[in-house]
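Chemist:
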Amino acid sequence: MHFLCQNCNEAKATVHITDTYPEKRSRHLCEECAAKEGVIFKQSHETTQEILQQFIKHKIAQRPESDEPCPQCGMTVRDFQAKGLVGCPDCYTVFGEFLAPLIERAHEGANRHVGKVPVTADRTIRKQTGLLRLKRELKDAIEKENYEEAARVRDQIKALETA
Amino acid sequence: MTIDDLTHNIGEWLRGVGPMCDVVISSRVRLARNLVGQPFLSSASASEKTEIYRHLTHEISSNELSQHGFLVDLEDTDEIDRQFLVERHLISRQQAAEEGSRGVSIWPDETTAIMINEEDHLRVQALRSGLQLETLWQEVNKLDDSLSQQLEFAFDRQLGYLTACPTNIGTGIRVSVMLHLPGLKLSREIEKVSRATRDMNLAVRGLYGEGTEAVGDLYQVSNQTTLGKSEEQILEEFGGKVIPKVVEYERSARETLAGKHPHQLDDHIWRAYGLLCHARCLSTAEALSLLSHLRMGIQMGRFDKVDIKTLNEVFLLIQPAHLQKVAGRSLNGVARSIARASCLRDRLTA
Numbered sequence: 001m002h003f004l005c006q007n008c009n010e011a012k013a014t015v016h017i018t019d020t021y022p023e024k025r026s027r028h029l030c031e032e033c034a035a036k037e038g039v040i041f042k043q044s045h046e047t048t049q050e051i052l053q054q055f056i057k058h059k060i061a062q063r064p065e066s067d068e069p070c071p072q073c074g075m076t077v078r079d080f081q082a083k084g085l086v087g088c089p090d091c092y093t094v095f096g097e098f099l100a101p102l103i104e105r106a107h108e109g110a111n112r113h114v115g116k117v118p119v120t121a122d123r124t125i126r127k128q129t130g131l132l133r134l135k136r137e138l139k140d141a142i143e144k145e146n147y148e149e150a151a152r153v154r155d156q157i158k159a160l161e162t163a
Numbered sequence: 164m165t166i167d168d169l170t171h172n173i174g175e176w177l178r179g180v181g182p183m184c185d186v187v188i189s190s191r192v193r194l195a196r197n198l199v200g201q202p203f204l205s206s207a208s209a210s211e212k213t214e215i216y217r218h219l220t221h222e223i224s225s226n227e228l229s230q231h232g233f234l235v236d237l238e239d240t241d242e243i244d245r246q247f248l249v250e251r252h253l254i255s256r257q258q259a260a261e262e263g264s265r266g267v268s269i270w271p272d273e274t275t276a277i278m279i280n281e282e283d284h285l286r287v288q289a290l291r292s293g294l295q296l297e298t299l300w301q302e303v304n305k306l307d308d309s310l311s312q313q314l315e316f317a318f319d320r321q322l323g324y325l326t327a328c329p330t331n332i333g334t335g336i337r338v339s340v341m342l343h344l345p346g347l348k349l350s351r352e353i354e355k356v357s358r359a360t361r362d363m364n365l366a367v368r369g370l371y372g373e374g375t376e377a378v379g380d381l382y383q384v385s386n387q388t389t390l391g392k393s394e395e396q397i398l399e400e401f402g403g404k405v406i407p408k409v410v411e412y413e414r415s416a417r418e419t420l421a422g423k424h425p426h427q428l429d430d431h432i433w434r435a436y437g438l439l440c441h442a443r444c445l446s447t448a449e450a451l452s453l454l455s456h457l458r459m460g461i462q463m464g465r466f467d468k469v470d471i472k473t474l475n476e477v478f479l480l481i482q483p484a485h486l487q488k489v490a491g492r493s494l495n496g497v498a499r500s501i502a503r504a505s506c507l508r509d510r511l512t513a
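Protein sequences, first through last, are from chains A and B. Going by my numbering, the final residue of the first sequence carries number 163, and the count climbs one at a time with no gaps. Going by my numbering, the final residue of the second sequence carries number 513, and the count climbs one at a time with no gaps.
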């Protein structure tokens, strides 16, 4: 049996309440009216996650050529669309242009960090960018079947990773 | 220490003390951190995840501040125990549900927990009862400094700490409070407040975070913006301005109810007590809703049959995994609602 909402008489009643006070009575409301009364809790606003998802879809529609994967982790823009997560710290550099408007949108227009800076920041940043460059070089060397070069780059990556 | 030892206690966050504890049940501060030079978990292979997990657990157990935490390997933990940790707010629902190498390091007093391999490599969180965000931030910040001596976290000058989801970059901080708002609910003002907080770019969620419904008049409110503001600014806006305002609204709603409808209010509270003491079957939602009325009665000084400590104990004990831990076996829905009603009769009429 389907009820219409007793409040608005328009939408289907999906929330059924039995009040015990002040007298016992049953009421049947739609989600909207029940949320208005505070009976249920409805996410009437979009969450940041949802806004992001919509935004990503929109961006991707504009950029059909953006299938180049991140050399560090292999993530593509399409993977990002599916999960809403990037694949590694370097994705922020590789897909910087793509992510920038999205980041601003998620953070009330902000695009610059002003909080805590780790003591090792400089070293960390050198390591991040160095690793990214080397992994690109490694990929190139393997593609060109230059295995000597690839071995050399791999050793450099190892050294930097354990530094 | 093991998970079973936790069953005998309630966590610090449920002690019912601290500033504004008549409305603010608990506060939480969480930092998201990731290792430099490693893929995020979203693109890590199973063996990379295991490697990251081993590395982090080793470093955490040798860190001077986190070494006394006890480690729970969630891959080796059964579903009821994982749910038990979710009910105690020590891990997220997401982490409980996921697969692969992951775990949590828990301080024995449950004030701090470090989730390993959740959405980010590390999620460092501290919890306390009442509105205590400043203290929590100091604790978490100190722990983060200490861990930074051993671990190198992914960081960028412009974007700050780098996280798997772009919504967490920058400070990687999430500050949240769990609010008890029965006054606003009864006077049907709750939607107004939740709309206002969302307009301020805050997230409003149910008891167990994202995607959960508000049961027992409990609402979790947290910041959404993590970039472009310092940690202190975020704390000041949230804990110094927004939350005290909501607390004020709730208190005034309670006062109005007490002034205009004292008999109905008392009837509401005592009916809840009557049901809790006599019902034979209770769902979690119904029990939490009835307990909410008792909590309000206690906080308003209108009800003294039960003290706040007992109330907070049963609040945890009647939840599905807690009931099953106490029973020592898995119980189906009907068995749980019978066990829940029986637990409440025992505890509240003692």
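Backbone N, C-alpha and C fix where the C-beta goes; we use that ideal spot for every residue, glycine too.
Look at the alpha carbon of Pro64 of chain A and the alpha carbon of Leu99 of chain A, and state the distance between them as a whole number of angstroms.
Modeler: Against the first sequence, residue 64 of chain A aligns to sequence position 64. Against the first sequence, residue 99 of chain A aligns to sequence position 99. In this prediction, Pro64 of chain A scores a pLDDT of 45, lower than 50, which makes its location untrustworthy; the coordinate-derived value is nonetheless stated afterwards. Approximately 15 Å between the Cα atoms of the pair.
Chemist: Is the separation between the beta-carbon of Arg492 of chain B and that of Thr447 of chain B shorter than 9 Å?
Modeler: Stepping through the second sequence from its first residue, residue 492 of chain B is reached at position 329. Stepping through the second sequence from its first residue, residue 447 of chain B is reached at position 284. No.
Chemist: May I have the straight-line CA-CA distance separating Val467 of chain B from Trp433 of chain B, to the nearest angstrom?
Modeler: Along the second sequence, read from residue 1 onward, the residue named residue 467 of chain B stands at position 304. Along the second sequence, read from residue 1 onward, the residue named residue 433 of chain B stands at position 270. The identity of residue 467 of chain B in the sequence shown is Asp, whereas the question assumes Val. So the two alpha carbons sit approximately 11 Å from each other.
Chemist: Looking at the structure shown, is Ala366 of chain B part of a helix, part of a strand, or coil, going by DSSP?
Modeler: Counted from its first residue, the second sequence places residue 366 of chain B at position 203. Looking at Ala366 of chain B - three-state DSSP - the assignment turns out to be strand.
Chemist: May I ask you to report which of helix, strand or coil DSSP gives His16 of chain A?
Modeler: Reading the first sequence from its first residue, position 16 is the one you call residue 16 of chain A. His16 of chain A: strand per DSSP, three-state reduction.
Chemist: Applying the criterion that 16 or more other CB atoms from any shown protein chain within 10 Å of the CB defines a buried residue, is Pro483 of chain B buried or exposed?
Modeler: Residue 483 of chain B sits at position 320 when you count from the first residue of the second sequence. With 16 or more Cβ atoms within 10 Å of its Cβ, Pro483 of chain B is classed as buried.
Chemist: Going straight from the alpha carbon of Ala151 of chain A to that of Asp308 of chain B, what length do you get?
Modeler: Position 151 of the first sequence holds residue 151 of chain A. Position 145 of the second sequence holds residue 308 of chain B. Computed Cα separation, rounded: 36 Å.
Chemist: Less than 9 Å separating the beta-carbons of Glu282 of chain B and Arg251 of chain B?
Modeler: Translated into the one-based positions of the second sequence, residue 282 of chain B becomes position 119. Translated into the one-based positions of the second sequence, residue 251 of chain B becomes position 88. No; because the gap between Cβ atoms is not below 9 Å, this pair is not in contact.
Chemist: Should Ile125 of chain A be flagged as near chain B, meaning a C-beta pair shorter than 9 Å?
Modeler: Residue 125 of chain A sits at position 125 when you count from the first residue of the first sequence. Yes, Ile125 of chain A counts as interfacial toward chain B.
Chemist: Can at least three beta-carbon pairs, one atom from the region 104-124 of chain A and one from the region 323-331 of chain B, be found at a separation below 8 Å?
Modeler: Verdict: yes, contact present.
Chemist: List, in chain order, every chain B residue whose beta-carbon is nearer than 8 Å to that of Cys33 of chain A.
Modeler: Residue 33 of chain A sits at position 33 when you count from the first residue of the first sequence. Those do not exist, as Cys33 of chain A stays about 11 Å from chain B at its closest Cβ, beyond 8 Å.
Chemist: If we cut at 9 Å on Cβ distances, does Leu102 of chain A have a partner in chain B?
Modeler: Here the question's residue 102 of chain A lines up with position 102 in the first sequence. For Leu102 of chain A, the answer is yes, since a Cβ of chain B falls inside 9 Å of its Cβ.
Chemist: Would you list, in chain order, the members of the region 84-95 of chain A that have their beta-carbon closer than 7 Å to a beta-carbon of chain B?
Modeler: Here the close residues are Gly84, Leu85, Val86, Gly87, Cys88, Pro89 and Tyr92.
Chemist: For a test of the three-state rule: what should DSSP assign to Met459 of chain B, helix, strand or coil?
Modeler: Mapped onto the second sequence, residue 459 of chain B falls at position 296. Looking at Met459 of chain B - three-state DSSP - the assignment turns out to be helix.
Chemist: What whole-angstrom Cβ distance do Glu108 of chain A and Gly391 of chain B have, given they're in contact under 8 Å?
Modeler: Counting from one through the first sequence, the residue named residue 108 of chain A turns up at place 108. Counting from one through the second sequence, the residue named residue 391 of chain B turns up at place 228. Between Gly391 of chain B and Glu108 of chain A the Cβ distance is about 7 Å, and since that is below 8 Å, they are a contact.
Chemist: Take the Cβ of Cys444 of chain B as the centre, count every other Cβ of all protein chains shown within 10 Å, and call the residue buried at 16 or more, exposed below.
Modeler: For this step, residue 444 of chain B is matched to residue 281 along the second sequence. Exposed: under 16 other Cβ atoms inside 10 Å.
Chemist: At a CB-CB cut-off below 9 Å, which residues of chain A make contact with Lys392 of chain B?
Modeler: Taking the second sequence and counting its residues from 1, the one referred to as residue 392 of chain B is at position 229. Near Lys392 of chain B (Cβ distances below 9 Å), the residues of chain A are His107, Glu108, Ala110, Val114 and Gly115.
Chemist: Grab me the residues of Glu68 of chain A's own chain with a C-beta within less than 6 Å of its C-beta, minus the 5 sequence neighbours each way, in chain order.
Modeler: Locating residue 68 of chain A in the first sequence gives position 68, where the first residue counts as 1. Result list for Glu68 of chain A: empty, nothing under 6 Å.
Chemist: Find out if the Cβ-Cβ distance for the pair Gln128 of chain A, Ala317 of chain B is shorter than 9 Å.
Modeler: On the first sequence, residue 128 of chain A is found 128 positions in, with the first residue counted as 1. On the second sequence, residue 317 of chain B is found 154 positions in, with the first residue counted as 1. Contact: yes.
Chemist: Can you tell me the Cα-Cα spacing of Val410 of chain B and Val187 of chain B, whole angstroms?
Modeler: Here residue 410 of chain B is taken as the residue at index 247 of the second sequence, counted from 1. Here residue 187 of chain B is taken as the residue at index 24 of the second sequence, counted from 1. Roughly 8 Å separates the two Cα atoms.
Chemist: Buried or exposed for Asn515 of chain B, please, with buried defined as at least 16 other CB atoms from any protein chain shown within 10 angstroms of its CB.
Modeler: Since the first and last residues shown for chain B are 164 and 513, residue 515 of chain B lies out of range.
Chemist: For Leu4 of chain A versus Gln72 of chain A, is the C-beta distance shorter than 9 Å?
Modeler: Along the first sequence, one-based indexing puts residue 4 of chain A at 4. Along the first sequence, one-based indexing puts residue 72 of chain A at 72. It is not a contact, given that the beta carbons lie outside the stated cut-off.
Chemist: Return the first residue and the last residue of the alpha helix (DSSP H) that Leu102 of chain A is part of.
Modeler: As a first step, residue 102 of chain A is located in the first sequence; it is residue number 102 there, counting from the start. Here the alpha helix (DSSP H) through Leu102 of chain A covers Gly96 to Ala106.
Chemist: Using the DSSP secondary-structure output, state which residues sit across from Val267 of chain B in a beta bridge.
Modeler: Within the second sequence, numbered from 1, the residue matching residue 267 of chain B stands at position 104. DSSP lists B:Val235 and B:Met278 as partners of Val267 of chain B.
Chemist: Determine the DSSP secondary structure at Gln288 of chain B, reduced to helix, strand or coil.
Modeler: Counting from one through the second sequence, the residue named residue 288 of chain B turns up at place 125. Note: Gln288 of chain B maps to strand in three-state DSSP.
Chemist: Can you find the residues in the same chain that come closer than 8 Å, C-beta to C-beta, to Val477 of chain B, ignoring five residues on each side of it along the sequence?
Modeler: For the purposes of this step, residue 477 of chain B is identified with residue 314 of the second sequence, where counting begins at 1. Only Leu454, Cys506, Leu507, Arg510 and Leu511 meet the Cβ criterion.
Chemist: Return helix, strand or coil for Gly323 of chain B, following the three-state DSSP convention.
Modeler: Counting from one through the second sequence, the residue named residue 323 of chain B turns up at place 160. Here Gly323 of chain B sits in strand by DSSP.
Chemist: Any beta-carbon of chain A closer than 9 Å to the one on Tyr216 of chain B?
Modeler: The residue labelled residue 216 of chain B in the question sits at position 53 within the second sequence. Cβ-Cβ to chain A under 9 Å: no for Tyr216 of chain B.
Chemist: Could you check what DSSP says for His218 of chain B in three-state terms: helix, strand or coil?
Modeler: Counting from 1 along the second sequence, the entry for residue 218 of chain B is found at position 55. It is helical.
Chemist: Pull up the distance between the alpha-carbon of Gln313 of chain B and that of Val86 of chain A, whole angstroms please.
Modeler: Locating residue 313 of chain B in the second sequence gives position 150, counting from the first residue. Locating residue 86 of chain A in the first sequence gives position 86, counting from the first residue. Their Cα atoms are separated by approximately 25 Å.
Chemist: Taking CB distances under 9 Å as the criterion, tell me whether Leu131 of chain A reaches chain B.
Modeler: Against the first sequence, residue 131 of chain A aligns to sequence position 131. Chain B, which has a Cβ nearer than 9 Å to the Cβ of Leu131 of chain A, makes this yes.
Chemist: For Phe247 of chain B and Glu315 of chain B, what's the separation of their Cα atoms in angstroms?
Modeler: Counting from 1 along the second sequence, the entry for residue 247 of chain B is found at position 84. Counting from 1 along the second sequence, the entry for residue 315 of chain B is found at position 152. About 32 Å.
Chemist: Under 7 Å between beta-carbons, which chain A residues line up against Val199 of chain B? List them in chain order, please.
Modeler: Counting from one through the second sequence, the residue named residue 199 of chain B turns up at place 36. Those within 7 Å of Val199 of chain B in chain A are Pro89, Thr124, Lys127 and Gln128.
Chemist: Along the chain, where does the alpha helix (DSSP H) that runs through Ala377 of chain B open and close?
Modeler: For the purposes of this step, residue 377 of chain B is identified with residue 214 of the second sequence, where counting begins at 1. Counting along the chain, Ala377 of chain B falls outside any alpha helix (DSSP H), and DSSP gives it neither H nor E.
Chemist: So Gly599 of chain B packs on Ala209 of chain B, CB below 8 Å; how close in whole Å?
Modeler: In the structure as shown, chain B begins at 164 and stops at 513. Residue 599 of chain B is therefore absent and cannot be evaluated.
Chemist: Cβ of Val356 of chain B within 9 Å of Cβ of Tyr412 of chain B?
Modeler: Against the second sequence, residue 356 of chain B aligns to sequence position 193. Against the second sequence, residue 412 of chain B aligns to sequence position 249. Yes, the Cβ-Cβ distance between Val356 of chain B and Tyr412 of chain B is below 9 Å.
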